[in-house]
Amino acid sequence: MRPRVRIATWLYVSGTAAALLALATTTTTRAQGPAKTYAIKGARIVTVSGPIIDNGTVVIADGKIVSVGASAPVPAGAEVIDGTGLEVSPGFFDAMSELGLTEIGAVNATNDITEVGAFNPQVDAATAVHPATDHIPVARANGITHAVAVPGMAGMGETAPRGGTGPVIGGQASAFHLDGWTIEEMLISRSVGMVVNWPSLQARTFDFATFSSRTRPYREVKEEQAKQTREIARWISDARDYRAARARGADRVERNLKLEALGPYAAGEKPWLVRAGRERDIRDAVSFFVDTHKQKIVLVGAEEAWKVAALLAEKKVPVIVGPTQALPDSDDDPYDATMAAPAVLHKAGVTFALSTYSSSDARNLPYEIGTAVGFGLPRDVALRAITLAPAQILGLGAFVGSVEPGKIANLVVSRGDPLEIRSTITHVFIKGVPVSLETRHTQLYEKYRNRPRPAAATR
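Residue numbers -31 to -1, 1 to 428, in mature numbering (1 follows the signal peptide of the UniProt record, and there is no 0), belong to the letters of the sequence shown in order.
#1: Measuring only the C-alpha atoms, how far is V137 from V165?
#2: When you compare only the Cα positions, how much space is there between K10 and V369?
#3: Using the DSSP secondary-structure output, state which residues sit across from A144 in a beta bridge.
#4: Taking just the CA atoms, how far does R247 sit from W167?
#5: Determine the closest residue to V288 out of G46, I251, Y304, P186, with distance taken between C-alpha atoms.
#6: Name the residue from K316, Y7, E407, A94 whose alpha carbon lies nearest to the alpha carbon of S158.
#7: So K400 is in the beta strand (DSSP E); what residue range does that whole segment cover?
#8: Are at least three pairs of beta-carbons, each pair with one atom in the region 303 to 323 and one in the region 19 to 35, less than 8 Å apart?
#9: Once you ignore the five residues that flank P120 on each side, which residues in its own chain have a CB closer than 8 Å to its CB?
#10: According to DSSP, is A424 helix, strand or coil?
#11: Restricting to Cα atoms, I'd like to know which of Y7, S392, I266 is closest to A47.
#12: Specify the secondary structure class of E189 as computed by DSSP and reduced to three states.
#13: For the candidate residues L242, W204, E238, whose alpha-carbon lies nearest to that of L226?
#14: In angstroms, rounded to a whole number, what distance separates the CA positions of P423 and K416?
#15: Applying the criterion that 16 or more other CB atoms from any shown protein chain within 10 Å of the CB defines a buried residue, is N24 buried or exposed?
#16: Indicate the three-state DSSP secondary structure (helix, strand or coil) for E337 in the structure shown.
#17: Output the distance between the C-alpha atoms of W150 and T53, rounded to the nearest integer angstrom.
#18: What number of angstroms, rounded off, separates the C-alpha of V342 from the C-alpha of L388?
#19: If S328 sits next to P59, beta carbons under 8 Å apart, how far is it from one beta carbon to the other, in whole angstroms?
#20: Identify which residue in D220, A208, F62, L156 has its Cα closest to the Cα of G237.
#21: Just to confirm my understanding: we take V382, look at its own chain, exclude 5 residues before and 5 after, and list those with CB closer than 6 Å. What are they?
#22: Could you tell me which of N111, T102, R188 sits nearest to I152, measuring between CA atoms?
#23: Quick check for students: name the residue ranges of the beta strand (DSSP E) that lie wholly in the region 23 to 104, counting only runs of 3 or more.
#24: Within the region 191 to 248, note down every full alpha helix (DSSP H) run reaching 4 residues or more, in order along the chain.
#25: For S160, which residues from the same chain have a beta carbon less than 8 Å from its beta carbon, with the 5 sequence-adjacent residues on both sides left out?
#26: Specify the secondary structure class of A322 as computed by DSSP and reduced to three states.
#27: Which stretch, first to last residue, makes up the alpha helix (DSSP H) that contains A12?
#28: What is the residue span of the alpha helix (DSSP H) that R353 lies within?
#29: Can you name, in chain order, every residue of its own chain whose Cβ lies under 6 Å from the Cβ of T293, other than the five neighbours on each side?
#30: Since G162 contacts V286 with CB under 8 Å, what's their CB separation in whole angstroms?
#31: Just how far apart, CA to CA, sit V259 and R215?
#32: When DSSP builds the beta bridges, which residues end up paired with G270?
#33: Please state whether the Cβ-Cβ distance between V43 and T26 is less than 8 Å.
#34: Among A118, E283, A45, G19, which one has its Cα closest to the Cα of N80?
#35: With a Cβ-Cβ cutoff of 8 Å, do residue 456 and L357 count as a contact?
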C-alpha cells in the first residue's frame, strides 16, 4: 500500500522517514536463539479455556505448549523458570491494530494504512507491515504477543478521526506475531477479515483541509449511502459468480484479483470486518449483511453497539469494541458509556473482544479492558476479551488464546494481575521463545539514568 504524500513535503518527509528507519533498526529487539524446552514451575496458571491452576507448571517445547498442570513433569534438560509468586496468562491479542502500519501519525511517509481508491479487496495489510517499527517492542513489553494489522479503516486509530471517511472496502486484515525479522517469519494468517467501512448517514463531517465542520444536506448523504451499498452488493454478487465460474473451469474467465480476494468472504467462509459506529448505522449494516445477503460479519469499532446489544445477541454478531478510556461520542450518552459498554454487551450475551485500534497505544490493551472491570465486567471475561475471544472471533482459536497443550506458546508471565497498571511483566514468550522486554523507552531511561553528573558550575 502506498501512503498519500504531498510533493511539496517530499524531501522533508523522506529525510524524516530515513532517520526513523535507522532508529527503529537499532532499537528493535529480537528473540534470542531457536526455540527449545522451557518449564515455568510453581506459578499460578490462568488458562482462560479452563480452571485456574495454582502452583502449576507449563512446559514449552518446539514453540508449542506441550503440557499444563499441577503435576506436569519437567523434561530433562529443560530450562526451568521459577514461577513462585508469578502468574502465567495467554499472550494478549490486539485484534484490530495499526501496529507495523504507522510510526508517527503526523509524518505521512511513515503511515501505510490506506491504499488509494474506494474498493481495495486485493490489498492485504501484511504487505505493508514494518517488522522494525519501534511500536512493536513497546507493545510486546506489556504482554501483547500477537496482533492484527487492519488496512483502510475509517475513523479509528491515530491517523483518522472518529467519524472520518475511508475506502468502502479497505482490504484484508493480517494476523501476526510481534517478533521476527520479516513478516514471513511473523505471519499467522495473511487474511483474517475483509474491512468494510459501512456508509454512514452522518451528515456532519470534519474537513481537515479547512479544519472546519461541514454539514451536508440529508438527501445528498442518503443518496451517497444508497449508491455505496449498491456497490457493496454488486461486489458480493460478482465475487460469487466469479468463484463459481472459476470452479467450473471456464476458460474465458479472465483472472480478477479483486473478485478472487472477495471469494471466501462472499461465500461466508471468512468474516467481513464491518466498521460502523452509530446505532442507526449498526442496524443498517446488520440488516444488509446478515439479513439480506447472509454474510458472516464481525462488527468493529462499534461505539454504540451497547445500544443495540439485544439485536447483536439475537443475530449472533460478534463485536470488537474500541478503547474504554474515552468519552462517548454523543453528548446525550452517560459519561461512562464507553467504560461500561463491555459489561453491557456481556450481560446481553454478545460475543465480544476489545482492541486498541492503534499502534502507539497498543501497549495499553490490558489497561483498557481492566477499566471495564471497574465498570461491571467480570475479571475472567475481561481477560478472555483480549486473549481467547478475539482469536475465536477471527478463526484463530485453534492456535492461540489460551494456555493449553498443542497451542502456540505465546505467553505472558507477570508479578501480579496483568490487567493492573501496578503489576510487572517479567517474561514474554512468543512462539515458545522468551523475547527481550527492552524498548526505546527503557533504553532512554537507562541512558539518562546513567548520565554523568555535570561538573560544578564555575564562574
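We put the beta carbon where it would ideally sit given N, CA and C, even for glycine.
All figures in this text were calculated on a predicted structure; none of them were measured in a lab.
Looking at the atomic coordinates:
#1: In a straight line, the C-alpha of V137 is about 6 Å away from that of V165.
#2: About 21 Å.
#3: According to DSSP, A144 bridges with V117, S158.
#4: In this structure, the alpha-carbon of W167 lies about 10 Å from that of R247.
#5: Relative to V288, the option among G46, I251, Y304, P186 whose CA is nearest is I251.
#6: Answer by Cα proximity: A94.
#7: Following the DSSP letters along the chain, one finds K400 in no beta strand (DSSP E), marked with neither H nor E.
#8: At 8 Å Cβ cutoff, the stretches do not touch.
#9: M(-31), L70, I82, T83, E84, N89, V92, D93, A94, A97, G139, G140, Q141, A142, V164.
#10: A424: coil per DSSP, three-state reduction.
#11: Its Cα nearest to that of A47, the residue Y7 stands out among Y7, S392, I266.
#12: The answer is helix: DSSP assigns E189 an H, G or I state.
#13: Ranking the options by Cα distance to L226, first place goes to W204.
#14: CA-CA distance, P423 to K416, rounds to 15 Å.
#15: An exposed status is given to N24, since fewer than 16 other beta-carbon atoms sit within 10 Å of its beta-carbon.
#16: Secondary structure of E337 (DSSP, three-state): helix.
#17: Rounded to whole angstroms, W150 to T53 spans 33 Å at the Cα level.
#18: Going by the C-alpha atoms only, they are around 9 Å apart.
#19: That belief does not hold up - the Cβ atoms of S328 and P59 are roughly 22 Å apart, past 8 Å.
#20: The option with the nearest alpha carbon to G237 is A208.
#21: Excluding positions up to five away in sequence, the list reads L55, V57, T395, H396.
#22: That would be T102, whose Cα lies nearest to the Cα of I152.
#23: Listed in chain order, they are 33 to 38, 48 to 51, 56 to 59, 61 to 66.
#24: Segments of the alpha helix (DSSP H) lying fully in the region 191 to 248: 226 to 235.
#25: Closer than 8 Å at Cβ, skipping near neighbours: D93, Q141, A142, S143, A230, P233, K239.
#26: Of the three classes helix, strand and coil, the one that applies to A322 here is strand, per DSSP.
#27: Boundaries around A12 are those of the beta strand (DSSP E), 7 to 14, since no alpha helix (DSSP H) includes it.
#28: Going by DSSP, R353 is part of the alpha helix (DSSP H) stretching over 348 to 354.
#29: These residues qualify, in order along the chain: T307, M308, E337, T340, A341.
#30: Between V286 and G162 the Cβ distance is about 13 Å, and since that is not below 8 Å, they are no contact.
#31: Near 26 Å, if we compare the C-alpha coordinates of R215 and V259.
#32: A245, V290, per the DSSP bridge assignment.
#33: Yes.
#34: With distances taken between Cα atoms, N80 lies closest to A118.
#35: The structure shown has nothing for residue 456, since the chain only spans -31 to 428.
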